[in-house]
Amino acid sequence: MGRSARPTRRPAVLRFVTSTIVVLAIVLLYLFVLTRGAIL
Amino acid sequence: MSAGHHPRLTAVAEESRPGGLPDPEHPLVRPLFPVGSAVPALPPEGSADRIESRPARPSQLDRLDPGLRHGIRRLLTLVCLVPLLALLAPVLLHFLDDPIVLSYGVGVLIATIVCFYLAYTRYDDLADPRFSRVPDDVGAPPLPAIPSVTLLVAVMNEVDVIDACVRSMLGCDYPDVQVIVVDDASRDGTAERLQELAAELDFTLLALERNVGKKNALVRGAELATGEVLAFTDSDCVLAPDALRRCVAALVAHPSLGAVSGHARALNADASLLSKIQDTWYEGSFRVTKAAESSLGSVTCVSGPLAVFRRDAIWNYLPAWAADRFLGAEFRFATDRQLTGYVLGQRWLGRDLKAAHADSPFVTEVDHPERRWRVGYVRSARVWTVVPESARAFLKQQIRWKKSFIRNLCFTGRFMWRRGFGPAGLYYGHAAWVLAAPVMAVRHLLWAPFNGLWMLCALYIAGVVVKGCAWGVAYRIDHPGSPRWRYRPLMSLVSSVVLSWLLLYSLATMRRGVWSRGS
């Protein structure tokens with residue numbers, strides 16, 4: 004079986020890192036709005 | 006370009022017959038729910054369903070006792086709303102410090118929370134006989150078990166998409182449907198393509214020699230309609246085979262409903278970043294906003310992609326619709342909002358509207374009583390529409406919608422306060438938000454930076470993104486596993502930073518307008 008057929012961990016790791024960054028960014032943004040007062 | 010040049014549309018056109026798959030983004034799966042005995046003997050569901058996978062599946066919750074199910078839904082929704090309620094609390098505490106500015110934020114937060122709460126705790130699919138409850142307090146006679154339906158579309162210069170649209174109309178699994186296509190003097194080959202289709206397929210083609218506008222074209226088509234139910238779609242839309250049946254099932258099951266809207270998503274969602282953003286916006290505005298309005302029986306816009314009406318709820322008002330004028334000129338936009346307005350407001354404005362067109366055959370033929378109809382939304386009635394892929398086309402569409410909103414505000418705004426506190430609050434609250442949005446954008450994106458108040462500017466943008474994230478989270482909850490929710494905050498940003506300004510331009514150019522999508 005060629006190398007391309009083997010599942011690699013990179014996309015999963017990347018997905019996890021991306022998701023974590025996105026969630027953290029949302030949480031920080033939320034805390035910023037929560038502490039400073041919401042203007043929507 | 007014909008449908009044959011558009012691979013995505015071609016796929017839909019070829020597979021729009023019952024049993025066909027729309028495309029990978031809209032996988033066809035098992036039925037949403039069995040149509041039980043409470044709904045008339047419409048065709049049994051089966052492979053004809055074209056429902057997006059996850060939200061279509063019956064959940065564990067649906068198997069519980071209705072009271073327990075409702076309680077759990079309410080609890081889960083309140084838990085999910087805690088972050089928004091937490092945002093609201095401190096703003097309310099400091100409300101008196103700056104009531105004018107803070108009232109905007111408070112209003113937006115409260116409206117968002119109320120919409121989410123109603124949509125997730127009070128709305129059940131109106132075609133689902135197990136849960137949907139609509140008070141029968143209108144006094145309208147029930148429809149027959151299988152009412153005849155006329156499905157109409159008006160088209161002008163839509164050669165790219167008309168194949169897919171007509172084939173999906175004819176692919177409806179409803180047993181008694183008359184399909185009427187009105188060509189409003191197209192000049193791009195649509196007329197010729199429709200002639201070819203009419204020779205191949207079974208539908209009525211009405212080819213107009215002179216362009217009369219969408220409303221007039223549809224009314225000309227309605228003159229040929231025989232159905233007890235009139236359904237409209239747009240020429241850039243593709244219907245799920247069971248969408249019409251589900252809408253009619255809702256009208257049959259609930260005699261107090263004068264009209265119902267289907268659930269629209271983007272057909273070309275993958276085409277560009279802009280189309281992805283719009284797709285997530287469509288989902289929220291139907292799944293949440295329309296569902297919230299539906300729970301109060303007052304959906305204010307039965308949307309063009311699939312708008313289904315009882316004949317007796319709109320027939321007498323079709324001439325008023327066709328002759329709609331605003332600021333002294335013919336007004337060609339606001340087709341769906343305006344028609345919905347006649348259903349919502351006929352109890353109070355119906356007599357005058359009929360009197361103004363007393364000579365029209367639509368009025369003289371039969372005089373339907375002016376009723377206080379309810380208007381609903383059927384989440385399981387799926388329809389896909391082509392959304393603008395370029396910024397230019399997108400802005401033009403938004404300007405048309407803003408003009409429609411302004412025109413309709415001067416009609417529906419006259420009576421919505423009579424429909425009760427809830428519907429009035431949602432309607433006028435939304436209107437206030439749209440009108441205040443450009444002022445807030447000027448204050449926070451121009452005035453604040455010019456005066457060195459960068460934190461105020463950042464806070465505004467952050468607030469808008471957080472609000473978009475709330476809609477994104479709702480999308481994520483409804484579509485587990487789908488990464489598309491991430492585009493929803495972008496729509497809030499675009500809406501506040503770019504689209505809010507269009508209100509002023511729309512006001513300045515109200516009298517200008519033609520109806521085709523490309524204009």
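Chain order of the listed sequences is P and U.
The first sequence begins at 4 in this note's numbering and counts up one residue at a time.
The second sequence begins at 6 in this note's numbering and counts up one residue at a time.
Where a beta carbon is used, it is the ideal one built from N, C-alpha and C, also for glycine.
Predicted, not measured: the structure shown is a model, and the values here were computed from it.
Exercise for the section: Starting from the beta carbon of U:C474, find every residue of chain P whose beta carbon is closer than 9 Å, and list them in chain order. Expected result: I29, L32, Y33
Exercise for the section: Pair every Cβ in the stretch 358-365 of chain U with every Cβ in the stretch 242-252 of chain U, then say whether three or more of these pairs are closer than 8 Å. Expected result: no
Exercise for the section: Check whether the Cβ of P:L34 sits closer than 7 Å to any heavy atom of the ligand ATP, and report yes or no. Expected result: Ligands displayed in this structure: none; no statement on the ligand ATP is therefore possible.
Exercise for the section: Compare the C-beta of U:H99 against all C-beta atoms of chain P and say whether one is closer than 8 Å. Expected result: At a cut-off of 8 Å between beta carbons, U:H99 contacts chain P.
Handout entry: Residues in the stretch 75-106 of chain U having any Cβ partner in chain P nearer than 8 Å
Key = P88, A91, L92, L93, P95, V96, H99, V106
Practice task
Report all residues from its chain with a CB closer than 8 Å to the CB of U:A446; omit the five preceding and five following residues, and keep chain order.
Solution key: Within its own chain, the residues whose Cβ lies closer than 8 Å to the Cβ of U:A446, once the five positions on either side in sequence are excluded, are S501, V502, S505, W506, listed in chain order.
Handout entry: Whether U:T82 touches U:F136 by CB criterion (8 Å)
Key = no
Exercise for the section: Would you be able to state if there are at least three C-beta pairs under 8 Å between the stretch 255-268 of chain U and the stretch 296-313 of chain U? Expected result: yes
Problem - Members of the stretch 267-290 of chain U near chain P, C-beta cut-off 7 Å - result: none
Exercise for the section: Please determine if the stretch 475-482 of chain U and the stretch 285-299 of chain U are in contact, where contact requires at least 3 C-beta pairs separated by less than 8 Å. Expected result: yes
Handout entry: CA-to-CA distance, U:L90 to U:I404, given in whole angstroms
Key = 33 Å
Practice task
Could you pull the start and end residues of the alpha helix (DSSP H) that U:L507 belongs to?
Solution key: 507-513
Exercise for the section: Determine the direct distance from the alpha carbon of U:L93 to that of U:L611, and round the result to whole angstroms. Expected result: Since the displayed chain U opens at 6 and closes at 524, residue 611 of chain U lies outside it and no answer follows.
Exercise for the section: Pick helix, strand or coil for U:C306, following the three-state DSSP scheme. Expected result: coil
Problem - Within 8 Å, strictly: CB atoms of U:S299 and U:L131 - result: One thing to note: U:S299 has its Cβ within 8 Å of the Cβ of U:L131.
Practice task
Taking U:I185 and U:A230 to be in contact with their CB atoms under 8 Å, please state how far apart those CB atoms are, rounded to whole angstroms.
Solution key: 7 Å
Handout entry: Nearest neighbour of U:G346, chosen from U:H75, U:T294, U:E375 [CA to CA]
Key = U:E375
Practice task
Helix, strand or coil for U:L157, going by three-state DSSP, please let me know.
Solution key: strand
Handout entry: Per-residue DSSP class, three states only, for U:G418
Key = coil
Handout entry: Own chain partners of U:A361 with C-beta closer than 8 Å, once the 5 adjacent residues on each side are dropped
Key = A325
Practice task
State buried or exposed for U:P393, treating a residue as buried only when at least 16 other CB atoms are found within 10 Å of its CB.
Solution key: buried
Problem - U:S266 - DSSP class collapsed to helix/strand/coil - result: strand
Exercise for the section: Indicate whether U:L80 and U:I118 have their beta-carbon atoms separated by less than 8 Å. Expected result: no
Handout entry: Boundaries (first-last residue) of the beta strand (DSSP E) holding U:C242
Key = 242-244
Problem - Proximity test, Cβ basis, 8 Å: P:L37 and chain U - result: yes
Problem - Euclidean distance between Cα positions of P:V25 and U:L211 - result: 52 Å
Exercise for the section: Determine the closest residue to U:L414 out of U:S108, U:Y480, U:Q343, U:F291, with distance taken between C-alpha atoms. Expected result: U:Q343
Practice task
Can you grab the Cα-Cα spacing for the pair U:T340 / P:F35, in whole Å?
Solution key: 42 Å
Handout entry: From U:W490, U:P494, U:G457, U:L450, residue whose alpha carbon lies closest to that of U:V469
Key = That would be U:P494, whose Cα lies nearest to the Cα of U:V469.
Problem - Listed by chain order, chain U residues near P:V16 by CB distance under 8 Å - result: Within chain U, not a single residue places a beta-carbon under 8 Å from that of P:V16; the smallest gap is close to 16 Å.
Exercise for the section: Taking P:V25 as the query, report the chain C residues whose CB atoms sit under 9 Å from its CB, ordered along the chain. Expected result: Absent here is chain C; the protein component of the structure consists of chains P and U.
Practice task
Give me the Cα-Cα distance between U:D133 and U:S487, rounded to the nearest whole angstrom.
Solution key: 25 Å
Problem - For U:V40, three-class secondary structure by DSSP - result: Reliability fails at U:V40, whose pLDDT of 35 lies under 50, so the model's placement of it is uncertain and the value that follows must be treated cautiously. If DSSP states are grouped into helix, strand and coil, U:V40 belongs with coil.
Handout entry: Buried or exposed by the 16-neighbour rule on C-beta atoms within 10 Å, applied to U:R270
Key = With 16 or more Cβ atoms within 10 Å of its Cβ, U:R270 is classed as buried.
Practice task
Determine the DSSP secondary structure at U:A150, reduced to helix, strand or coil.
Solution key: coil
Handout entry: U:S385 (DSSP reduced to helix, strand or coil)
Key = strand
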